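Residue numbering for the sequence shown follows the numbering used here, beginning at 904 and increasing consecutively. Glycine residues also receive a C-beta, built at the ideal position from the N, C-alpha and C atoms. Quantities reported herein were computed from a predicted structural model and do not represent experimental measurements. What follows is one structure encoded as structure tokens, with my remarks underneath.
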Amino acid sequence: MKKRKKIAFDLDGVIIDKPPIIPKRLLEWLFCGGGKNGLHYRYPKTRLERTIRKISHYYLFRPPIKGNVEFIKKMAKDPSLEFYVISGRYSFLEKETKNWLEKNKISKFFTQIFLNLNDEQPHLYKEKILGNLKPDIFIDDDLLLVNFLTKKINNCKIFCFLSSGKIRTKTRVLKEGQLIKILEE
Ligand SMILES: [Mg+2]
């Protein structure tokens, strides 16, 4: 029997869209902590900050990225493919995350869903899971993280998903509707 192809997705920015009502600047501050120091992700230390994050992850504030979700639903019928989620979301968002996947009726399409329940730095967590799972393809929307993983992980095609816009690096960029292309490679 032919080996099944494993395709792993990041969650936020690939499957789940950002909340449309929260300013981009605030989101960047909440999630990357400024980003000046390279790859370091902010863990919200105060209860207030965690509460803000929890609210901002309430499923009604987070629309699905339709093109990608439709791709997964359609391709899930193909028995030669297996889908996974590898999310760097911290443990305090476990309930919100499960709720989102349930409300959007998408959990069943994934063989396994990996959440960062020990609150590790997201890039290190993803490196670890990719190393164990060994998927054929991984898709994330965080360019710094994609560049980091590309250096660390072998035998996995890693793509950066951008819903719009161009970037000036050699990173392989996918836009909505282009997911099918990666299967043709
Ligand atoms: Mg992301």
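For residue 988, the Cβ stays outside the 7 Å cut-off from all heavy atoms of ligand 1. In this structure, the C-beta of residue 970 stays at least 7 Å away from each heavy atom of ligand 1.
8 Å or more divides the Cβ of residue 946 from the Cβ of residue 999.
Those residues that bring their Cβ nearer than 7 Å to a heavy atom of ligand 1 are 913, 914, 915, 916, 917, 1043, 1044 and 1045. Cβ-Cβ distances below 7 Å link residue 993 to 946, 1019 and 1022 in the same chain, with the five nearest sequence neighbours on each side left out; the list follows chain order. Here residue 1043 is buried, its C-beta having at least 16 other C-beta atoms within 10 Å. Take residue 965, set aside five residues on each side of it, and the residues of its chain with a beta-carbon closer than 7 Å to its own are 919, 920, 922 and 1003, in chain order.
Look at residue 1020 here: in three-state DSSP terms it is coil, with no helix or strand label.
The beta carbons of residue 970 and residue 1028 sit no closer together than 8 Å. The DSSP-derived three-state label of residue 947 is coil. Counting of Cβ neighbours within 10 angstroms places residue 983 among the exposed residues, the total staying below 16. 1083 is the residue among 1006, 1083, 1010 and 1024 whose C-alpha sits nearest the C-alpha of residue 1040. Here the C-alpha atom of residue 951 lies approximately 30 Å from the C-alpha atom of residue 1008. The Cβ-Cβ distance between residue 1016 and residue 1049 does not fall below 8 Å.
For residue 997 and residue 959, the gap between their C-alpha atoms comes out near 13 Å.
Comparing alpha carbon positions, the residue from 1012, 1054 and 1025 closest to residue 944 is 1025. Leaving aside the five residues that flank residue 976 on each side, the residues in its chain whose CB is nearer than 8 Å to its CB run, in chain order, 1009 and 1012.
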